[in-house]
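To start, the structure under review is shown below, and the notes come after it.
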Amino acid sequence: MSLVGALPLMAAPAPGEGTDLALPPPHGWIGTTDEWARGFGIAFVLLAILLLVIGWLRLRRVGLTGPLKEVLILPLVVLPAMIVFLGYSYGIESSKSITACGSCHVMAPYLADLQDPASEGLAAVHYKNRYIQEHHCYTCHTDYGMFGTIQAKMEGMGHVRRHLTGDYTLPLKIAHPYPNSRCLACHGASQKFLKSEGHPKEDMPKLLSGENSCIDCHGPAHTPAKQAASR
Amino acid sequence: MNGAAPVPFLLRLSMALAVLGLLVALTLFVHAGPYTLVTFMFVAQPLLLLAVALFAVHVFKDLRRGKLL
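Chains as they are written, first to last, in my numbering: chain L, -19 to 211; chain Z, 50 to 118.
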């Protein structure tokens, strides 16, 4: 099979992704940008390694010739640049999936609660009704705009460090009070929200300032099973 | 034993670092997750950058040796 022919196979969803999709993709589906970034990433890595191995063997056999120097630019400069670009493109996007959030064992009860149809936690209600289409954890735990994304990634790296070093206590607690702006970004302009008797206009300043929390009335956000005391 | 000239150390090191960086990068594409992403950012990327830098130094020295610079 040619490399081009193998690309769609490599562009298949990564393990654990898309497993909650109820319907198969439509006819003619060629995959998402992420899946193609993954496929090209794997292909470019394998191509670069192959060229380096061939280059190494040629070096040992005939020494450093002019054409070989030119060929080595590909696996040492061009392909790595493309691989780094594709790696960020695919890696950052993949880190938004619930699979990525749930890959740390301390998050397992939260993920189980999220996917439990019987759960009445706010997150589970959003998930089972598909109020949020994708990236369920990320959507509600990230501020909006470019800096929200950057801040979320910085905090995510902090979470990895804490998980690796064991620098956390159970049960987990949210680091900062949950901002209402994340709820209002979707609900703030909805007629159901604006015309609800539970949201009188005189209370709006308190909601916008965060003095009243949405979670106070609509929570709990999560109802995870009790986590083990030991880790 | 053939008459091939010895491979410059910088070039050998550059190629070895590139292979290491590429293998680490491959783990991200095969299994994306928080750990593989952080490893990609803080291990694979510096290794690949170092490989490029060493290759650039080798090319620069080569050009100087050939009196092209």
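Each residue gets a CB set at the ideal place from its N, CA and C atoms; glycine is no exception.
None of the values given here were measured: they were computed from a predicted structure.
- Between Met62/L and the set Thr145/L, Glu15/L, Ala28/L, Thr122/L, the nearest pair of CA atoms involves Ala28/L.
- When Asp93/L, Ala205/L, Ser161/L are compared, the shortest CA-CA separation from Glu191/L is found for Ser161/L.
- With a threshold of 9 Å between beta carbons, Val79/Z makes contact with chain L.
- For Ala93/Z against Val73/Z, the beta-carbon gap comes to about 4 Å, under 8 Å, which counts as contact.
- Ser69/L and Ala17/L do touch by the CB rule: their CB atoms are close to 5 Å apart, below 8 Å.
- Within the same chain, Cβ atoms closer than 7 Å to the Cβ of Leu59/L are found at Phe24, Leu27, Ala28, the five residues on either side in sequence being excluded.
- Between the alpha carbons of Gly46/L and Pro5/L lies a gap of roughly 49 Å.
- Nearest to Pro204/L by C-alpha distance, out of Asp123/L, His143/L, Glu182/L, Ser99/L, is Ser99/L.
- By the beta-carbon neighbour count (other beta carbons within 10 angstroms, threshold 16), Tyr107/L is buried.
- Leaving aside the five residues that flank Phe89/Z on each side, the residues in its chain whose CB is nearer than 7 Å to its CB run, in chain order, Val73, Ala74, Leu77.
- Taking the C-beta atoms as reference points, Val79/Z is found nearer than 9 Å to Ile22/L.
- The residue from His139/L, Leu94/L, Thr149/L with its alpha-carbon nearest to that of Cys120/L is Leu94/L.
- Using a CB distance cut-off of 9 Å, His115/L does not count as an interface residue toward chain Z.
- Judged by their CB atoms, Gly136/L and Ser77/L are not nearer to each other than the 9 Å cut-off.
- Annotation for Gly19/L: the continuous alpha helix (DSSP H) segment containing it runs 13 to 42.
- Under a 10 Å Cβ-count criterion, Cys117/L is classified as buried, with 16 or more other Cβ atoms of the shown protein chains found around its own Cβ.
- Against chain L, the CB of Leu59/Z has no partner CB under 9 Å away; the residue lies outside that interface.
- Residues are counted here when their Cβ sits less than 7 Å from a Cβ of chain L; for the region 97 to 109 of chain Z these are Leu97, Ala100, Val101, Phe104, given in chain order.
- The way I'd put it, the region 57 to 66 of chain Z doesn't touch the region 169 to 188 of chain L; fewer than three beta-carbon pairs between them come closer than 8 Å.
- Contacts with chain L at 9 Å (Cβ-Cβ) do not include Leu117/Z.
- Per DSSP, the unbroken alpha helix (DSSP H) holding Ile72/L starts and ends at 59 to 74.
- With 16 or more other CB atoms across the displayed protein chains lying within 10 angstroms of its CB, Thr79/L is buried.
- In the three-state reduction of the DSSP assignment, Glu100/L falls in the coil class.
- Look at Lys133/L here: in three-state DSSP terms it is helix.
- Counting only Cβ-Cβ distances below 7 Å, Gly101/L has no contacts in chain Z at all, with the closest Cβ about 23 Å away.
- Judged by beta-carbon spacing, Val42/L lies within the 9 Å limit of Leu48/L, meaning their Cβ atoms are closer than that value.
- Against Val56/Z, the close residues of chain L are Leu39, Arg40, Gly43, Leu44, in the order they occur along the chain (beta-carbon pairs closer than 8 Å).
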